[in-house]
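Residue numbers (this note's numbering), protein chains in the order written: chain A, 19 to 233; chain B, 19 to 233; chain C, 19 to 233; chain D, 19 to 233. We treat Cβ as the ideally placed atom computed from N, Cα and C, and that holds for glycine.
Number of protein chains: 4
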Amino acid sequence: MTTIRPLPAYLVQRYQGWKATTYADNQAWFRRLANEGQRPRAMVIACCDSRVHVTSIFGAEQGEFFIHRNIANLVPPYAPDGDYHGTSAAVEYAVTALKVAHLVVVGHSQCGGVQGCLDMCQGRAPELEKKTSFVGRWMDILRPAIDKIADLPAERQAAALEREAVLISIENLMTFPFIRDAVDRHELTLHGLWMDIGEGELEAWDPDHGRFAAI
Amino acid sequence: MTTIRPLPAYLVQRYQGWKATTYADNQAWFRRLANEGQRPRAMVIACCDSRVHVTSIFGAEQGEFFIHRNIANLVPPYAPDGDYHGTSAAVEYAVTALKVAHLVVVGHSQCGGVQGCLDMCQGRAPELEKKTSFVGRWMDILRPAIDKIADLPAERQAAALEREAVLISIENLMTFPFIRDAVDRHELTLHGLWMDIGEGELEAWDPDHGRFAAI
Amino acid sequence: MTTIRPLPAYLVQRYQGWKATTYADNQAWFRRLANEGQRPRAMVIACCDSRVHVTSIFGAEQGEFFIHRNIANLVPPYAPDGDYHGTSAAVEYAVTALKVAHLVVVGHSQCGGVQGCLDMCQGRAPELEKKTSFVGRWMDILRPAIDKIADLPAERQAAALEREAVLISIENLMTFPFIRDAVDRHELTLHGLWMDIGEGELEAWDPDHGRFAAI
Amino acid sequence: MTTIRPLPAYLVQRYQGWKATTYADNQAWFRRLANEGQRPRAMVIACCDSRVHVTSIFGAEQGEFFIHRNIANLVPPYAPDGDYHGTSAAVEYAVTALKVAHLVVVGHSQCGGVQGCLDMCQGRAPELEKKTSFVGRWMDILRPAIDKIADLPAERQAAALEREAVLISIENLMTFPFIRDAVDRHELTLHGLWMDIGEGELEAWDPDHGRFAAI
Numbered sequence: 019m020t021t022i023r024p025l026p027a028y029l030v031q032r033y034q035g036w037k038a039t040t041y042a043d044n045q046a047w048f049r050r051l052a053n054e055g056q057r058p059r060a061m062v063i064a065c066c067d068s069r070v071h072v073t074s075i076f077g078a079e080q081g082e083f084f085i086h087r088n089i090a091n092l093v094p095p096y097a098p099d100g101d102y103h104g105t106s107a108a109v110e111y112a113v114t115a116l117k118v119a120h121l122v123v124v125g126h127s128q129c130g131g132v133q134g135c136l137d138m139c140q141g142r143a144p145e146l147e148k149k150t151s152f153v154g155r156w157m158d159i160l161r162p163a164i165d166k167i168a169d170l171p172a173e174r175q176a177a178a179l180e181r182e183a184v185l186i187s188i189e190n191l192m193t194f195p196f197i198r199d200a201v202d203r204h205e206l207t208l209h210g211l212w213m214d215i216g217e218g219e220l221e222a223w224d225p226d227h228g229r230f231a232a233i
Numbered sequence: 019m020t021t022i023r024p025l026p027a028y029l030v031q032r033y034q035g036w037k038a039t040t041y042a043d044n045q046a047w048f049r050r051l052a053n054e055g056q057r058p059r060a061m062v063i064a065c066c067d068s069r070v071h072v073t074s075i076f077g078a079e080q081g082e083f084f085i086h087r088n089i090a091n092l093v094p095p096y097a098p099d100g101d102y103h104g105t106s107a108a109v110e111y112a113v114t115a116l117k118v119a120h121l122v123v124v125g126h127s128q129c130g131g132v133q134g135c136l137d138m139c140q141g142r143a144p145e146l147e148k149k150t151s152f153v154g155r156w157m158d159i160l161r162p163a164i165d166k167i168a169d170l171p172a173e174r175q176a177a178a179l180e181r182e183a184v185l186i187s188i189e190n191l192m193t194f195p196f197i198r199d200a201v202d203r204h205e206l207t208l209h210g211l212w213m214d215i216g217e218g219e220l221e222a223w224d225p226d227h228g229r230f231a232a233i
Numbered sequence: 019m020t021t022i023r024p025l026p027a028y029l030v031q032r033y034q035g036w037k038a039t040t041y042a043d044n045q046a047w048f049r050r051l052a053n054e055g056q057r058p059r060a061m062v063i064a065c066c067d068s069r070v071h072v073t074s075i076f077g078a079e080q081g082e083f084f085i086h087r088n089i090a091n092l093v094p095p096y097a098p099d100g101d102y103h104g105t106s107a108a109v110e111y112a113v114t115a116l117k118v119a120h121l122v123v124v125g126h127s128q129c130g131g132v133q134g135c136l137d138m139c140q141g142r143a144p145e146l147e148k149k150t151s152f153v154g155r156w157m158d159i160l161r162p163a164i165d166k167i168a169d170l171p172a173e174r175q176a177a178a179l180e181r182e183a184v185l186i187s188i189e190n191l192m193t194f195p196f197i198r199d200a201v202d203r204h205e206l207t208l209h210g211l212w213m214d215i216g217e218g219e220l221e222a223w224d225p226d227h228g229r230f231a232a233i
Numbered sequence: 019m020t021t022i023r024p025l026p027a028y029l030v031q032r033y034q035g036w037k038a039t040t041y042a043d044n045q046a047w048f049r050r051l052a053n054e055g056q057r058p059r060a061m062v063i064a065c066c067d068s069r070v071h072v073t074s075i076f077g078a079e080q081g082e083f084f085i086h087r088n089i090a091n092l093v094p095p096y097a098p099d100g101d102y103h104g105t106s107a108a109v110e111y112a113v114t115a116l117k118v119a120h121l122v123v124v125g126h127s128q129c130g131g132v133q134g135c136l137d138m139c140q141g142r143a144p145e146l147e148k149k150t151s152f153v154g155r156w157m158d159i160l161r162p163a164i165d166k167i168a169d170l171p172a173e174r175q176a177a178a179l180e181r182e183a184v185l186i187s188i189e190n191l192m193t194f195p196f197i198r199d200a201v202d203r204h205e206l207t208l209h210g211l212w213m214d215i216g217e218g219e220l221e222a223w224d225p226d227h228g229r230f231a232a233i
């Protein structure tokens, strides 16, 4: 693997700072986590976006959150066809092996993936329609929701579709038998959030009123 | 979506603490990131494991790292077949749209996914062989590496396979045309790491000596 | 310009080492920074002193900090009189053009400029009182603070005046209309620090208690 | 000073990493530097730009370089008029008090200050002509050099003017009596550099051939 390069010095330095502080201060806990295994209370499904780190927003300590991050925080429908399904594997492991108590889907404002989906569905991004576009095909998961935001003014569609991405992911989660079972047995609760990056506002889906509302 | 429940109070409280401190102290920066978009320097592919948060290890600030997390930090081979490929979509977006300068794959000790792969390949986990096992099928990505660790003493096989998971992911990354092109044009460098959770040691693949070595 | 001499070999060697390592490892990022421009999150105003490199203390990577360094980290009051004002120009560029989110003034122990000011104000450095002394005239910025430390024991006066240099600079910063506006609009926050060189201790001004306190 | 805010957490974290590593590893040297004072070998005059840290390029260790950074690495002519002259004070302190052996002026590509000067002189930036523009008045230092680049193709003018900024600063340095004396006594040498950010190339003024040439 001569392709691999040494780690850039700034990442070495960051790591060394972490080792000498966070690790040194919590060595006993890290060793217990290593020896006894993880026991996270919640799984979070969030976007890869560099501006939304749920580890920061929820003050994630070691061992607390099992975190899957993908483009636009999407979950595809249940499809046990033998292919690679990274998101489904993460969900399966969290619910059936780790038995997390909460599963939280976190969307966010200014999501590049959602904007790409909107552009694609409205004919402005033909390159995303190609079979070879991994982003385009991945965003197909969100395509069924496009009709729900079609009547909104153009400037509000992206933010609305970002929230639909959270809802459709939770709908898809409920197509997984092991999720539905865990929810029915009250062993798992599902939660939907949307974060406004610029304002720092977190909205949660309010099932009583059927809308997202600021926390 | 009556399935969705309100956010547990402990997460509300964590968020409110973040809003009153991290957000309040950095409001101007968050607004700029929202208005001007992200420009992360690196993409990190790491495991969902709750004990290994690269955001902590590398002191990730808002806007710095585009992070994909899946089971066992795996990247499947290039396969533009029109299906959902979350990992491939994340990599495509990071390299072609965001033009990250570094792509870092981070493996770790005590990886449940890798242990499952080992158990499966050695006949101890028949349930993972089923077509309906998302974890089993996802870990098939690592299966080609199983021969490389077969001759090691049993107690060293898991840690060796964890490192192979990093290497096979980077090999698979190089099967993506846009990755190979970016590497060839010196616009992207690839890096492979492995973290020992209990000891806090970070190893990097050393291309000169062909092995992982402590930083 | 026959006055100019070739670069000393030790600096050539240092540069060549940097080129072969830091630059080589981060070429893609340097090119992006060159093509797309800088977007620093913070401006730092620090002393020229060779013992206090904020680039080291804050692990400054390329693109992160806009740094002005002058004698005793001083900012003069707002005075748009058409003369050369290097510090005011740096602050104006950082706040109005680059729109930094934070402006941090960093003082330090054993500051030669502050000691000179103390000596001058207490009659021990008549050469600094001369109109032709650039250092003396520059340190006049700090002169209004001398009364605040006059009652302290002699051996504590210099360290106290170093901290006053930070405070008076921030007071002066607030006389610039564009700074006051940015602070009022929550687009900019001001911060005051003092570093003990020998002990490596960093103190920050605590607005709640009205004093510098160790971080 | 209720205007001052606590230091953002990410800077606290960066500092703590430095304290636990760089400081801890070099405590004895920091204490000697604190007790015995600095003895830098060279003064560097560089730009505030966040992409050009001479501390990185020259691997600046504690105590080695006395560093002044301002917009466009400019030095105004000698003018002992009793006003605040931050750059002149820094130069005076370095040469007469610290007796540095080398004085290095470092310019760079994509310099926002130089571009502003070019725009101003060519009528494209009337706001910089105002008496109240600190950046405009500061860039007046470079105005005498504008004729030297006027005949070049437009796309080459900025880079040429960046190099002229280095030369005019060194010319101005030679108008300071204490500099000329130190140079004449062979106690000080002057050096002019220009860094290409994207390519990592460092050019030095070659007095034999009267041009900048790659090192």
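Checklist entry - Which ranges does the beta strand (DSSP E) cover as unbroken runs of at least 3 residues, wholly within the stretch 150–189 of chain A, from first to last along the chain? => result none
Checklist entry - Cβ atoms of Leu-191 of chain B and Leu-121 of chain B: under 9 angstroms apart, would you say? => result yes
Checklist entry - To which residues of the same chain is Ile-188 of chain A closer than 7 angstroms at the C-beta, ignoring the five residues directly before and after it? => result Val-123, Leu-208 and Gly-210
Checklist entry - How about Asn-88 of chain A and Ala-108 of chain B: do their beta carbons lie closer than 9 angstroms? => result yes
Item to check | 9 angstroms Cβ cut-off: residues of chain A touching Thr-39 of chain D | outcome: Gln-31, Gln-34, Gly-35, Lys-37, Ala-38 and Thr-39
Item to check | Cβ contact check for the stretch 163–171 of chain A and the stretch 191–201 of chain A: 3 or more pairs under 8 angstroms | outcome: no
Item to check | Residues that Arg-57 of chain A contacts on chain C, provided the C-beta gap is smaller than 7 angstroms | outcome: Neighbours of Arg-57 of chain A on chain C: none; closest Cβ ~33 angstroms, over 7 angstroms.
Next on the checklist: Just checking: is the beta-carbon of His-227 of chain D within a distance shorter than 9 angstroms of some beta-carbon in chain C?
Outcome noted: no
Item to check | Contact residues within the stretch 41–75 of chain C, judged by C-beta distance below 8 angstroms to chain A | outcome: Asp-43 and Asn-44
Next on the checklist: Please tell me whether Arg-23 of chain D has its Cβ less than 9 angstroms away from any Cβ of chain C.
Outcome noted: yes
Item to check | Beta-carbon contacts of Lys-148 of chain B that lie in its chain and below 7 angstroms, excluding the five residues immediately before and after | outcome: Gly-154
Checklist entry - Using a Cβ-Cβ cut-off of 8 angstroms (strictly less than) and excluding sequence neighbours within five positions of Gln-80 of chain A, which residues of its own chain qualify? => result Asn-44, Trp-47, Phe-48 and Leu-51
Item to check | Test item: CB-CB of His-103 of chain C and Ala-64 of chain C under 9 angstroms | outcome: no
Item to check | Buried versus exposed call for Glu-174 of chain A [16 or more other C-beta atoms within 10 Å across all chains shown] | outcome: Here residue 174 of chain A is Arg; the residue named in the question, Glu, does not match the sequence. The residue is exposed, with fewer than 16 neighbouring Cβ atoms inside 10 Å.
Checklist entry - So what does DSSP say about Glu-219 of chain D, is it helix, strand or coil? => result strand
Checklist entry - Buried or exposed: Pro-58 of chain C, going by 16 or more other Cβ atoms within 10 Å of its Cβ? => result buried
Next on the checklist: Cβ closer than 7 angstroms: which chain B residues qualify as neighbours of Pro-26 of chain D?
Outcome noted: Asp-43 and Asn-44
Next on the checklist: On the CB-based measure, 16 or more other CB atoms within 10 Å of its CB, does Gly-141 of chain D come out buried or exposed?
Outcome noted: exposed
Checklist entry - In this structure, does DSSP put Met-192 of chain D in helix, strand or coil? => result coil
Checklist entry - When the cut-off is 9 angstroms and only beta carbons count, does Glu-205 of chain C lie next to chain B? => result yes
Item to check | Residue of C:Pro-95, C:Lys-37 and C:Ala-38 minimising C-alpha distance to Arg-161 of chain C | outcome: C:Pro-95
Checklist entry - By the 10 Å Cβ neighbour count, where 16 or more other Cβ atoms means buried, how is Pro-144 of chain D classified, buried or exposed? => result exposed
Item to check | Enclosing beta strand (DSSP E) for Cys-135 of chain D [first to last residue] | outcome: Taken as a continuous stretch (DSSP letters only), Cys-135 of chain D belongs to no beta strand (DSSP E), being part of the alpha helix (DSSP H) at 130–139.
Next on the checklist: Strictly below 7 angstroms CB to CB, what residues from chain C border Val-153 of chain D?
Outcome noted: Ala-107, Glu-110 and Tyr-111
Item to check | Option nearest Ala-222 of chain D by Cα separation, candidates D:Leu-185, D:Glu-205 and D:Phe-194 | outcome: D:Leu-185
Item to check | Chain-order list of residues whose beta-carbon lies under 8 angstroms from that of Thr-73 of chain D (same chain, five-residue window excluded) | outcome: Phe-83 and Ile-85
Checklist entry - Using a C-beta to C-beta distance shorter than 9 angstroms, which residues of chain C count as neighbours of Ala-119 of chain B? => result Asn-44, Gln-45, Ala-46, Trp-47, Phe-48, Arg-49 and Arg-50
Item to check | Nearest-angstrom Cα separation, counted from Thr-40 of chain D out to Leu-179 of chain C | outcome: 27 angstroms
Checklist entry - Does Glu-189 of chain B get closer than 9 angstroms to chain C when you measure Cβ to Cβ? => result no
Checklist entry - Since Arg-23 of chain A and Pro-24 of chain B are thought to touch, with beta carbons under 8 angstroms apart, how far apart are those beta carbons, to the nearest angstrom? => result Actually they are not in contact, since the Cβ atoms of Arg-23 of chain A and Pro-24 of chain B sit about 47 angstroms apart, beyond 8 angstroms.
Next on the checklist: Does any residue of chain A have a CB that is nearer than 9 angstroms to the CB of Glu-79 of chain C?
Outcome noted: yes
Checklist entry - Once you ignore the five residues that flank Cys-66 of chain C on each side, which residues in its own chain have a CB closer than 8 angstroms to its CB? => result Arg-87, Asn-88 and Ile-89
Item to check | Option in B:Phe-76, B:Ala-176, B:Met-157 and B:Thr-105 with minimal Cα separation from Ala-27 of chain A | outcome: B:Phe-76
Next on the checklist: Between Leu-160 of chain B and chain A, is any beta-carbon pair separated by less than 9 angstroms?
Outcome noted: no
Next on the checklist: Is there a C-beta anywhere in chain D that falls below 9 angstroms from the one on Val-132 of chain C?
Outcome noted: no
Checklist entry - Thinking C-beta only, is Glu-205 of chain D closer than 9 angstroms to Ala-119 of chain D? => result yes
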